[in-house]
Each structure stands twice: as C-alpha cells, then as structure tokens.
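K.L.:
Below are the structure tokens for one structure; questions will follow.
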Amino acid sequence: MPELPEVETVVRDLRPLIVGRCIVSVRVGSKKLRKPWEQEWADCVVGTTPLAIRRRGKWILVDLDSGAILLVHLGMTGQFTAVPAGEPAPDHLHFTFALNDGSELRYRDTRRFGSVQWIASDALVQDAFGERLGPEPFDIPAKPFAEALRSSRRNLKALLLDQSLLAGVGNIYADESLFRSGLHPQTLGSSLKPKDCDRLRLAIEEVIAKAIDGRGSTIRDYIGGSGLRGGYQDEFTVYGRTGEACVNCGTAIEMIRVAGRASHFCPKCQKRKN
DNA sequence: CCGACGTCCTGCTAGC
DNA sequence: TGCTAGCAGGACGTCG
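First residue of the first sequence: 6, per the working numbering; consecutive thereafter.
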C-alpha cells in the first residue's frame, strides 16, 4: 500500500534515472485506470524531457521541460519504475515511457486504483488533486492540526486517513502513529486534550520519518523506483500483528474495523477516551 | 454541512 | 483436492 514513505522512496529512486532523459515514445495499455488517459496526451509527452520529479502527499509529479506535468498516483498496487532496455514486460503494465538512453519508465498497477495523467501546467495540478491537500506530515502546524482534531466528532482513524487534514498518511502509518501516541483509533477527535494532539502530531512525524529511512514498507506489491522492496515492514508495532505481543506490554494486538478499514491496536496501551 | 458507507479492481487465502 | 467467499484499501460518489 503506497503511502507517503513509499511514494517518497519511488521519487528518490527515479530521480537519477529519469531526470534529463528525453521521452522518445509512449506505449499505453488498453485497460482503464481510475482516471482515464486521454489519447492526445501521448503527443504532448513525446519529445519532452523530465526536469524534476517530486512528491506531494501520495502524488508523484514529473515536471517536463514543456512546463507540463505527469501526475501519477500509485493507488494500492501501483509500481512506477525505471528499468534497463530489454527487460521483459510484466502483467498489468499500463504505461511504458521509452527514454533516450534506452531505458524505460514503466507504470504497472494490478488493481488499477492508481492513475497517470498529463496536466498542462502547474496551476492546474491543484484541481487534479481533487479536494485540497493538507500539509505534509513533517512540520505539521501544531495549532491548526489540534483545532481540526478537537472540532471534529469523527474518530481518529478517519481523521488521519483524511488527505485534506494531512497529506500522505494511509492505513499502515495511521495505525502505527496511533500506537506510538497511545491513542485508540475509535477515540473521537473532540475528546482529545491539547496534549493528546501534540503527542499524535509528533508520533506521526516520527513514524513517517523512520519509514522513509527504511525505504517504506513492502506488504505484497510495493517496490521502489529501482525495483527494490521496502524494509520498514519489519519495524511494525501493530499493523498486521493481530494476536502477536505488544512491544510495550506483551498484550495481544487486536484488529477491528474503524472507518471501514482494518485497524490494529494494543487494547492496554491504547484506551478509548470516549 | 457533516459523517458514514458503498464502489471500484484483482489476487490471494481461509475455510469448507 | 478444488472451489468460493471474503478481504485488502485510496479516493470519491452517494445517502441520511
């Protein structure tokens, strides 16, 4: 499940492999992704050169020398990789951008929850994001974050998954951050004390930073931009550890559904506040 | 306006 | 052994 740390790893991996290399051809698969690829976009892309690649939330932005942007979302199973010439084509390969050094920039996505779009200019990217994206979870503005949490009657799990509150957190790092802050996923935002908001904010920043250091987490499909698996899955405290011992107290980790998502927590370290 | 829930998609797996 | 129901979840549409 590519969340911020996985997407950041892809971007860092791809940067030295694609920047400055002209796109000489585009091959598009027949199956539709979440956002359809317009046929005329191929002509817009061929002949351009990536000048930069960056990340915003879970989105990847490839800045082309035409001023346009390739906007990529990995969804659940998306893989965005650069491979040397002559690599055999795998299943579920939806885009192949041939580069002028012979290598290929590829987008593969088994479940097709992701998307690849061509956006004419930087000014139009915000619209493509859909709802406004919240801040990156590095230096989260403390006061607005606490106010958003405390003014909401939604539970913490739903709040952390909301990309307009905070960009880049998904199911795995929401669970890991809640454990780190000692908060129960079903606790309502409105029942938090200012101190709880601070603990949660810092826990998110720490979890995300460590996960980036570990090159993200590979559960099944995720690989980085050069094809390498992640390493942070070995550091999970609660996610996917149902029935296993809590690293703090030894109590068996439990799994419940919150906000429609599997949510893992320690019933002793994370007590509900409401 | 807000929050909850269903939908998309494929592959793996638990359970009979 | 072989089959199938259920689950995985990011973003978004719909419903109450």
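A virtual CB, placed ideally from N, CA and C, is assigned to each residue, including glycine.
In this text the structure is predicted, and so the values were computed from the model without any measurement.
What whole-angstrom Cβ distance do Gly124 and Ile74 have, given they're in contact under 8 Å?
P.N.:
Inspection of the sequence shows that residue 124 is occupied by Ile rather than by Gly. The Cβ separation is near 4 Å, so the contact holds.
K.L.:
Whether or not the stretch 87-105 and the stretch 32-42 are in contact is what I'm after, with contact meaning three or more pairs of Cβ atoms, one per stretch, closer than 8 Å; do they touch?
P.N.:
In short, these stretches touch, since the Cβ pair count reaches three.
K.L.:
Give the DSSP-derived three-state secondary structure of Val263 in the structure shown.
P.N.:
Strand.
K.L.:
May I have the straight-line CA-CA distance separating Pro142 from Leu154, to the nearest angstrom?
P.N.:
Going from the Cα of Pro142 to the Cα of Leu154 covers about 15 Å.
K.L.:
Taking a contact to mean a Cβ-Cβ separation below 8 Å, would you say Ile213 touches Leu9 in this structure?
P.N.:
Their beta carbons are under 8 Å apart, which means Ile213 touches Leu9 by this criterion.
K.L.:
Would you call the CB atoms of Leu138 and Gln168 closer than 8 Å?
P.N.:
Going by C-beta atoms, Leu138 is nearer than 8 Å to Gln168.
K.L.:
Using 10 angstroms around the beta-carbon of Asp218, count the other beta-carbons present and answer buried if the total reaches 16, otherwise exposed.
P.N.:
The residue in question, Asp218, is exposed, as its Cβ has fewer than 16 Cβ neighbours within 10 Å.
K.L.:
Within 10 Å of its beta-carbon, does Asn160 have 16 or more other beta-carbons around it, so buried, or fewer, so exposed?
P.N.:
With 16 or more other Cβ atoms within 10 Å, it is buried.
K.L.:
Among residues of its own chain, excluding the 5 on either side of Leu193, which ones have a beta-carbon nearer than 8 Å to its beta-carbon?
P.N.:
Ser157, Arg158, Arg159, Asn160, Leu161, Lys278 and Asn279.
K.L.:
Please give me, in chain order, every unbroken run of the beta strand (DSSP E) with length at least 3 that falls completely inside the stretch 15-72.
P.N.:
The stretch 15-72 contains these whole beta strand (DSSP E) runs: 28-33, 55-61 and 64-69.
K.L.:
Rounded to the nearest angstrom, how far is the Cβ of Pro7 from that of Lys63, given a contact under 8 Å?
P.N.:
About 7 Å separates the two Cβ atoms, so the contact holds.
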